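This report refers to the structure that appears directly beneath it.
Written out as structure tokens, the structure is:
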């Protein structure tokens, strides 16, 4: 039971981080000079975050026992699928923005 307050604090921090990241992206999007420039910036940020994620992921997976390892690998697959969906959505939005801007 002592872990519940720590878990709640962890969730609050995650929510705040999500909010801050969302706000930062909205601000960057409003200030962008072109949709392509924004996409390049997003890809650079994504690449840096993915490098950090993979480092932590590899360390974590190496420390897990067999039973939990399968679940962790499934979470990694889900993360990768969500990332690809987001990447596709961003590219589609940028393409649409470029078409609209070209008119």
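Residue numbers (the numbering used here): -6 to 96.
Glycine included, C-beta positions come from ideal geometry on N, C-alpha and C.
Keep in mind it's a predicted model, so treat the numbers as computed, not measured.
Item	Value
Cut-off 7 Å between Cβ atoms - residues of its own chain near residue -3, not counting five sequence neighbours on either side	none
Span separating the alpha-carbon of residue 21 from that of residue 79	17 Å
For residue 58, three-class secondary structure by DSSP	coil
Pick from 2, 35 and 5 that is closest to residue 17, judged by C-alpha positions	35
C-beta atoms of residue 53 and residue 65 nearer than 8 Å	yes
Residue interval of the alpha helix (DSSP H) (run including residue 21)	-4 to 24
Coarse secondary structure for residue 91, derived from DSSP in three states	helix
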